[in-house]
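Asker: Take this structure, written in structure tokens, and hold onto it; I'll ask about it next.
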Amino acid sequence: DQQVKQNSPSLSVQEGRISILNCDYTNSMFDYFLWYKKYPAEGPTFLISISSIKDKNEDGRFTVFLNKSAKHLSLHIVPSQPGDSAVYFCAAILVSGNTPLVFGKGTRLSVIA
Amino acid sequence: KAGVTQTPRYLIKTRGQQVTLSCSPISGHRSVSWYQQTPGQGLQFLFEYFSETQRNKGNFPGRFSGRQFSNSRSEMNVSTLELGDSALYLCASSLRPGQGVTGELFFGEGSRLTVL
């Protein structure tokens with residue numbers, strides 16, 4: 001059973017516009033959420049994270065929003081650039097649970113120039 | 114400083130064979146995790162090692178095993194390969210367990226296994 005779900009396998013956005021990637025989770029015990037970015041032939045790299053006690057975290061063009069009541073988080077990229085084209089993985093963890101990161105299936109973002 | 118190194122990068126095996134994949138973590142990192150990436154399932158956790166001890170194990174059959182050496186290098190082994198084992202196997206290292214929270218978890222480029 002997937003505890004972290006990314007229901008959109010792919011997303012296509014025009015350069016300069018906003019990209020919104022969505023993620024849902026089922027385990028209400030998760031207390032930290034992260035986004036990783038993966039280019040072809042490379043390993044995933046950490047992008048941004050958010051604690052469950054916050055509802056927003058911003059880092060440059062990247063903002064993550066967390067809606068705990070809906071068990072939903074989203075990653076906003078503004079403005080989108082062609083170099084943002086990659087697979088984005090949502091991940092969650094229960095910090096105190098001595099458990100590893102749980103990843104979603106990923107969303108492939110294509111930013112069209 | 115050198116990143117996480119995984120070898121081999123690509124390999125092809127046939128059903129029933131076994132395979133061993135290697136991971137050298139970033140110097141000084143003592144925690145190593147393994148993940149399997151497939152198009153249908155995304156990134157799935159296999160195991161985590163710290164100081165030569167397995168700390169966590171994912172929901173994979175016993176054909177998947179791993180170990181960590183005193184120099185923190187890690188290997189994973191898959192025996193009696195099946196077609197469904199075709200995947201990208203990713204290794205990640207950190208100074209200590211739990212650093213996935215801080216983003217201080219660094220992935221290698223992966224070993225792509227094809228089972229024919």
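Residue numbers (our numbering), protein chains in the order written: chain A, 1 to 113; chain B, 114 to 229.
Positions of the beta carbon are idealized from the N, C-alpha and C atoms, including for glycine.
Computed from a predicted structure; not experimentally measured.
Please report the residue range of the beta strand (DSSP E) in which phenylalanine 46 of chain A lies.
Answerer: 45–51
Asker: I need the DSSP call for serine 96 of chain A, collapsed to helix, strand or coil.
Answerer: helix
Asker: Check this for me: beta carbons of asparagine 169 of chain B and proline 100 of chain A, under 8 angstroms apart or not?
Answerer: yes
Asker: Counting only Cβ-Cβ distances shorter than 7 angstroms, please list the residues of the segment 141–166 of chain B near chain A, keeping chain order.
Answerer: Ser146, Gln154, Gly155, Leu156, Phe158, Glu161
Asker: At which residues does the beta strand (DSSP E) containing aspartate 59 of chain A begin and terminate?
Answerer: 56–59
Asker: Sorted by chain position, which residues of the same chain lie with C-beta nearer than 7 angstroms to alanine 86 of chain A's C-beta, five sequence neighbours on each side aside?
Answerer: Lys37, Lys38, Tyr39, Leu109
Asker: Quick check on the burial criterion: 16 or more other C-beta atoms within 10 angstroms. Buried or exposed for phenylalanine 93 of chain A?
Answerer: Note on identity: in this sequence residue 93 of chain A is isoleucine, with phenylalanine being the wrong assignment. It is buried - the Cβ of isoleucine 93 of chain A has at least 16 other Cβ atoms within 10 Å.
Asker: For arginine 209 of chain B, tell me which candidate among B:Phe177, B:Ser185, B:Gln149 has the shortest Cα-Cα distance.
Answerer: B:Ser185
Asker: Where does the unbroken beta strand (DSSP E) through arginine 176 of chain B begin, and where does it stop?
Answerer: That residue, arginine 176 of chain B, is in no beta strand (DSSP E); it is neither H nor E in DSSP.
Asker: List the residues of chain B that alanine 113 of chain A touches, going by C-beta distances under 9 angstroms, in chain order.
Answerer: Residues of chain B passing the Cβ test: none, with the nearest at roughly 26 angstroms.
Asker: Verify the CB distance criterion: does glutamate 222 of chain B have a CB-CB separation below 8 angstroms to chain A?
Answerer: yes
Asker: Does the pairing of the segment 63–73 of chain A with the segment 39–53 of chain A give three or more beta-carbon distances under 8 angstroms?
Answerer: yes
Asker: Helix, strand or coil for leucine 196 of chain B, going by three-state DSSP, please let me know.
Answerer: helix
Asker: Below 8 angstroms on the Cβ atoms is my contact criterion, and I expect tyrosine 148 of chain B with leucine 203 of chain B to pass it. Report the Cβ-Cβ distance as a whole number of Å.
Answerer: 5 angstroms
Asker: Do three or more CB pairs link the segment 155–167 of chain B to the segment 176–193 of chain B at distances below 8 angstroms?
Answerer: yes
Asker: Measuring straight from C-alpha to C-alpha, what distance separates serine 146 of chain B and serine 199 of chain B?
Answerer: 19 angstroms
Asker: Tell me the DSSP secondary structure of aspartate 31 of chain A in three-state form.
Answerer: coil
Asker: Whose CA, out of A:Lys105, A:Ile112, A:Val111, lies closest to the CA of proline 9 of chain A?
Answerer: Comparing Cα-Cα distances from proline 9 of chain A to each of A:Lys105, A:Ile112, A:Val111, the minimum goes to A:Lys105.
Asker: Do you know how far the Cα of alanine 113 of chain A is from the Cα of leucine 47 of chain A?
Answerer: One C-alpha to the other measures close to 22 angstroms.
Asker: I believe glutamate 165 of chain B touches phenylalanine 182 of chain B by the beta-carbon criterion, under 8 angstroms. Please report the beta-carbon distance rounded to the nearest angstrom.
Answerer: 7 angstroms
Asker: In three-state terms, what does DSSP make of glycine 83 of chain A?
Answerer: helix
Asker: Within the same chain, show all residues whose beta-carbon is closer than 6 angstroms to that of glutamine 130 of chain B, passing over the 5 residues directly before and after it, in chain order.
Answerer: Leu194
Asker: Return the CA-CA distance between lysine 83 of chain A and leucine 21 of chain A, expressed in angstroms with no decimal places.
Answerer: Per the sequence shown, the amino acid found at residue 83 of chain A is glycine instead of lysine. So the alpha carbons of these two residues sit roughly 16 angstroms apart.
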